[in-house]
Each structure stands twice: as structure tokens, then as C-alpha cells.
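Reading through the C-alpha cells given below for one structure.
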């Protein structure tokens, strides 16, 4: 039986898609959300470290599964290999209702004003496609505010002198510092830095009908057992469903956006839970499947006017994939500083996001999430024993003395770091899979060297010994949970995929509403920005909807 | 422990095994007894590993995380963890284990003229150090590579020791206890500071 035609079909129930679905349904549009995963909870994997979204050695807790999904990695020499979702290099993002927002560490950052004007501030380094966003921070500000209040953020930007301007404070008070953060705060002030509490999409007080945080150490990488973490699955998606206008279809794997002979989106072809091929027609389509899968879906949507994929006549779909080059320093304190209070990360510093001579941007620094026991076996100074009694002794005597400060370096986009579809390899449903290729820009490593040096300086001031730094290499293509940039928004169709509202150039009823739009990815965890973009795109569609006249074929 | 189980293959192998078991206290760092603080280590049956392979894996794992004042890999059941995963998510590594364990045994024979389990503790360490540094007879280690296989055994042993007991290792939360981490955490009963995190 044919599916009933709706006003909008949204692909992906994550940070961007969940928000967009709510905005559209509240504006009176009938909406179908297609989500490849399903509803999941803490009970599905409990606090099992080996099947979490942070340590995936025995599988991804919240998908995608290794049995039905795969990708191809293309190395610099042109050779390829197949990678499974739980393996390194796949660049996994959770496949479930809420996507990464179910199990994330839940930092709720606004990007800074400068992050939207990178090219104007720094020029364009050779070998890069660095550019300004077509929108300013000021234009997006009210969307950040909606995300903070409708989803829930605990924080106090008044303590951060580098914070961008805001009209309303964050809705919940910030979390207090743990012992590690109290030590770091004093040291940072002695150095003239500006410490402040990390804004968190997590309840510091009861909010949104959900209780306050109980501080699990198994927080980052896990679902919350009491729903104190604020994701789209426990906020905007239930709100969308409550309108009565939105239907969420889980286990629905999108294969193709249907584009007709006149170049208009007609709906989405997908496979349902029983692997049956289905078509959902709609007046407009919103793709929010994460930077890698959104690009794949567009590239797999070939039509007469778009033989290389929807919106891809200028070969920009899938280009410029970014994540974050994580960098920082670790050290050991003389005394135990461990506190049984998860998730651990609670203090941050924005002193090194911008304005360092010779560097394009930088990174926020913060103390780290508690490393669980297996993950911690890899946290060692260079040259330390990798096994045997000495390794065990380190684990026993040093785990609770670890002090760590890390941050996400804003990556400089590279045109050839990209998502394509593989000409041969297909997934369980016969859909061509992603082929990833390229590597980071060398400047990312320069920034990381500087920022990790600052982290080491802080640890030294805090009294740590045995300090060592982590500086990432060029790696393969970046991405992972912070993946972004593959369907860049811009004002010139020749050098971008969508306009400033996420509307695909030349297909005016096809929208993107996820991190794919990010021209640059900030020196911050991008979840709140992706949520803000969900509001931004959703509000534009709602405004232009005009009872449907605007998008009728 | 089930003496009969491992003794089917050959009398020689069996005698070697018995000798290794008897010498365990003398050879192991800190004298890893087969019956430890956690009670007897599980003895199979194993789903993927042969009894001989299981004993070898167990001996290697014990070198990677030796028993001392706290339990080591043997007591924590790391071999059970590994065997169970080889029949599940690590089925993709099963062939590599089969070939790698045979290469490891050949290396032991080449270096010291004995099976790995029969070696004195310091000689076992030397075999693994040779693998870890890649300084092994090249003709033995064509596939998998010595370092590659050692890293696999190392990672899997660490996972068995430090991961959740539901997968067969970390018996009695041995590693959590060693690290001073409370477990199980019962919501409302553990000491969660109201003021931090």
C-alpha cells in the first residue's frame, strides 16, 4: 500500500533532523521522519564499556551495526579497504532516535562570532577552502537561544569573557567543579587565563519534566539511565510527535531522494524494517543524516538534471569533510584527585580559540571526561610499559592521579577530504556505500602543537609531574562524531551546495539541516550549533510555507 | 581443574602442560596460583580455542597482566573472554589466532627449545618482548606479523581484564577493585557528591 503523501519528509532523527521535525510540525506541516535506527535506552547496554559509543571494540551500542553497514577507505596511494562501523576509520555517528545526542558527552557550545568569519579574519591558507559562513553569529543567535531553552543547557556564559553576545542566559545554572577542575581553576587564574564552567546539555536542576543529573561516571558514550541528559530523543522529538502531525518511522533506511524531470524533489525512497522498498512522497524533503550519510544520500540520488547526484552539478557535495583534531596534555598529580562524580569534564578555557599570531583559529580547552578502565589502559606517557607488571602498577597507582586537559582544534577545510560513493561496494540493502578519502590540512597540526603546549603549561602550573602532550597527525579524512562540512552553505552556487537557509541550489524544495552545512566547524563540540541550524532551516521553511503554495510542484 | 580435558592430543604435550601447571607458582610473577582469590579460574569448555590454544592464550595473557597482590589475567578469566569473543564479534580474528598461536609456539621452540607454557617466567617474557619489538625469526612470522599479533593479544587481554564481566572476563570486578572503583553502582546508595561534576 502506498504511503500517504505528506508535506515534509525528514531524513534522520538526530540533532538537526529532530529539531527541524518539531519546527515543521508545530508550523502545521504534516511530517514523516525516517530514522535508520530505533528507540534505545540505557537498558540496552547498561554501562558496558566495550559496547559504548566511546569504546566500540565489541560493537556500537547504538548503531550502526557491523552486519549491514560498511564503508570504503581510500588511502593516499589509491589503495582501498573496507571498514565496519565499529572499526576505527569508519567515522561512526550513532544510528538511533536522537543519534549522537542520546549518548554524547553533551557539551552545549555556541560557536564564537569569529568562527563564522574565518576567511575574513585569517585569509585562506594554501591548500584549503577556508571561507566565511553566509550567515553571521548574530543571525543565528536566536536559534542558539531556542536550542538552549527547548532542549536544555546548564551553564553561565557570564563567566566566560570570550563568549559571544547573547540576549538570554542559559536556562539552568552551571555544574560545580570537581576536584580536578578546582585545581585547574586556581592554576589557570595564576596564568592569567579565564576559566569557566562548560555549558552542558544536561540537567543541573530538574528541567523539561526530567530529573537532575546523578553523575554517572559512565556518561559520555552511554545513554542516561534517568534521562537527565538532554538530547533530541527526549525533548524536541516527543514534542514533534505530540502535535499529532509528525510520524516517526524507525528502522527506515533512506536510499535516494527522488528528483523529477523538472529537477524537483518528490520524496524519499527507503527500506523499511522488513527490508521492503518504500517510497514516501512529500512536498519538500529535509536531509539531516549527518555529514557523511547526507552527502551519500545526495550522491546516490541521480536524475536527469542531476546526473552526479542531487545538488551536485558543481561537484561540491561530499567535499570538505571536517571533524576535530583533538589535542592536549596529560599529567600525574602527587595525590589522588579522582572524584566519583561523572562525567568529569566541567571546566573550560576559551583563551586559545582565536587571536594567536600565525594561527588560523585554535581550540577550546577543557578537562576530560572520566576515562573508563579499558580506555585508561592506553593513557600513558611516551615510553611507558605497554604490558606486564609495570603497566598494571601504573593502572593501580596512577589512574586516580591522572589530570588531563584537551580540546578540539578547528580544522582547516580541505577540498579533497571528501565523501564519495563507492562504484562497487554496497550495503545490506544494495545501496552504494561511502568512500572516504583525503587527510587533514597540515596547519591543523601546527595549531595542535601550540594548543597542546598551552595545556601542558597549565598542568605544570597545577603541579602535575610526568606531563606529556597529544598531537594528532594528518590521519585519514577527519569526521567521526563531530563530522561536518560536506554540503556547505554559501551565496555562490559554484562553491557551495546550499544557500544560507540550507536550501539546495537549483532544487528549492530540498533542504539540508545538519552539520553538513557547516562552512567551518568551530573549535568546539558542534551539537548545539547543529541543533541551532535545525531551527534556522526549519524556521525558514515554516515562514516560506504559505499554506503549501510556495513548495507545490 | 579438568586434567583429562587437555590431555587427549599427545602424551608429550600433556606432560608439558602438567609440568607448567605444577611449576606455575614458582614460575609466575608473585606466584600465580591456579586457584586464586577469586576461586578457581574457569576451565572451559572453550567454544573456539582448542584446549592447547586456550592454555597458551592464558599463559600469554598472564604475562600481559600478571598476578601480584591483585589478581592477574588468569584469575580474572581473560581466556574465557577471548574465547567467547572469537565465537562472536571477534570471529573475524579466529583464523589469525589459529595461525598466530602456532607461530608463537614455533618462536618459543626456536628461542628456548620448549613450548611457551613450559618456559620459566623470564623466558616467556623474552618471547613476548621479541614479538613486541619485531625481533623474531622472519620465516616464522609471515602472516600474521609478530608485532601485529602481539598487539591483538595485548588489546584483547586488556579488554577481558578491564571490561564488563558480562563478557566472561574481569571476574568479580577484579580490575575495578584494584583501581579502587566502586561497583556495582546502585543509584541512590553510592556516594555521589551533590556538588561536583
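Residue numbers (my numbering), protein chains in the order written: chain A, 1210 to 1762; chain B, 163 to 359.
Using N, Cα and C, we set each Cβ at its ideal position, and we do this for glycine too.
Every value quoted in this text rests on a predicted model; they were computed, and no experiment measured them.
What's the call for residue i, buried or exposed, on a 16-neighbour Cβ count within 10 Å?
| i | result |
| --- | --- |
| residue 1286 of chain A | exposed |
| residue 1414 of chain A | exposed |
| residue 1475 of chain A | buried |
| residue 1154 of chain A | For residue 1154 of chain A there is no data in the structure shown, the boundaries of chain A being 1210 and 1762. |
| residue 1772 of chain A | The shown model of chain A, from 1210 to 1762, leaves out residue 1772 of chain A, and the question about it has no answer. |
| residue 1674 of chain A | exposed |
| residue 1686 of chain A | buried |
| residue 249 of chain B | exposed |
| residue 1612 of chain A | buried |
| residue 1518 of chain A | buried |
| residue 1348 of chain A | exposed |
| residue 214 of chain B | buried |
| residue 1772 of chain A | Outside the displayed range of chain A (1210 to 1762) lies residue 1772 of chain A, so it cannot be described from this structure. |
| residue 1763 of chain A | There is simply no residue 1763 of chain A to check, as chain A begins at 1210 and stops at 1762 in what is shown. |
| residue 1604 of chain A | buried |
| residue 1639 of chain A | exposed |
DSSP three-state call for residue i: helix, strand or coil?
| i | result |
| --- | --- |
| residue 267 of chain B | helix |
| residue 1492 of chain A | strand |
| residue 177 of chain B | Interpretation of residue 177 of chain B is limited by its pLDDT of 34, a score under 50 that renders its predicted location unreliable; the figure taken from the coordinates is listed afterwards. Helix, per DSSP. |
| residue 1573 of chain A | coil |
| residue 1419 of chain A | strand |
| residue 1653 of chain A | helix |
| residue 1166 of chain A | Summary: the structure shown does not reach residue 1166 of chain A, with chain A confined to residues 1210 through 1762, and so no result is reported for it. |
| residue 1443 of chain A | helix |
| residue 340 of chain B | helix |
| residue 1213 of chain A | coil |
| residue 1221 of chain A | coil |
| residue 1676 of chain A | strand |
| residue 1379 of chain A | coil |
| residue 1438 of chain A | strand |
| residue 1243 of chain A | strand |
| residue 1310 of chain A | helix |
| residue 1265 of chain A | coil |
| residue 1646 of chain A | strand |
Could you tell me whether any Cβ in chain B is nearer than 7 Å to the Cβ of residue i?
| i | result |
| --- | --- |
| residue 1608 of chain A | yes |
| residue 1259 of chain A | yes |
| residue 1605 of chain A | yes |
| residue 1430 of chain A | no |
| residue 1682 of chain A | no |
| residue 1289 of chain A | no |
| residue 1586 of chain A | yes |
| residue 1185 of chain A | The structure shown does not extend to residue 1185 of chain A, since chain A is modelled only from 1210 to 1762, so the question has no answer here. |
| residue 1752 of chain A | no |
So residue i contacts chain B; which residues on that side make the cut at Cβ distance below 7 Å?
| i | result |
| --- | --- |
| residue 1583 of chain A | 320, 321, 324, 325 |
| residue 1250 of chain A | Result: empty, since nearest Cβ-Cβ is about 15 Å, beyond 7 Å. |
Could you tell me which chain B residues have their CB closer than 8 Å to the CB of residue i, listed as they occur along the chain?
| i | result |
| --- | --- |
| residue 1379 of chain A | What residue 1379 of chain A touches in chain B: nothing, since even the nearest Cβ is about 17 Å away. |
| residue 1362 of chain A | Under the 8 Å cutoff, chain B gives no residues; its nearest Cβ is about 16 Å from residue 1362 of chain A. |
| residue 1595 of chain A | 294, 316 |
Under 9 Å between beta-carbons, which chain A residues line up against residue i? List them in chain order, please.
| i | result |
| --- | --- |
| residue 244 of chain B | Under the 9 Å cutoff, chain A gives no residues; its nearest Cβ is about 12 Å from residue 244 of chain B. |
Under 7 Å between beta-carbons, which chain A residues line up against residue i? List them in chain order, please.
| i | result |
| --- | --- |
| residue 328 of chain B | 1257 |
| residue 338 of chain B | 1582 |
For a cutoff of 7 Å on Cβ pairs, would you count residue i as touching chain A?
| i | result |
| --- | --- |
| residue 316 of chain B | yes |
| residue 251 of chain B | yes |
| residue 295 of chain B | no |
| residue 341 of chain B | yes |
| residue 345 of chain B | no |
| residue 310 of chain B | no |
Using a Cβ cut-off of 8 Å, pull out every chain A residue sitting near residue i, in sequence order please.
| i | result |
| --- | --- |
| residue 247 of chain B | 1267 |
| residue 225 of chain B | 1596, 1597 |
Could you tell me which chain B residues have their CB closer than 9 Å to the CB of residue i, listed as they occur along the chain?
| i | result |
| --- | --- |
| residue 1213 of chain A | By Cβ distance, chain B contributes nothing, its closest Cβ being about 40 Å from residue 1213 of chain A, past 9 Å. |
| residue 1438 of chain A | Simply none; closest approach about 13 Å. |
At a Cβ threshold of 7 Å, is residue i touching chain C?
| i | result |
| --- | --- |
| residue 1601 of chain A | Judged by its chain identifiers, the structure shown contains no chain C, and its protein chains are A and B. |
Exercise for the section: Name, going along the chain, the residues of the stretch 1262-1275 of chain A whose beta-carbon falls closer than 9 Å to a beta-carbon of chain B. Expected result: 1264, 1266, 1267, 1268, 1275
Problem - Residues of the stretch 1526-1546 of chain A whose Cβ lies closer than 7 Å to any Cβ of chain B, in chain order - result: none
Practice task
Give the residues from the stretch 273-301 of chain B that approach chain A closer than 8 Å (Cβ to any Cβ), ordered along the chain.
Solution key: 287, 290, 294
Exercise for the section: Anything in the stretch 1549-1563 of chain A with a Cβ closer than 8 Å to a Cβ of chain B? List those residues in chain order, please. Expected result: Within the stretch 1549-1563 of chain A, the residues whose Cβ lies closer than 8 Å to some Cβ of chain B are 1549, 1550, 1551, 1552, 1553, 1555, listed in chain order.
Exercise for the section: With 8 Å as the limit, tell me which residues of the stretch 1388-1404 of chain A have their beta carbon closer than that to any beta carbon of chain B; keep them in chain order. Expected result: 1388
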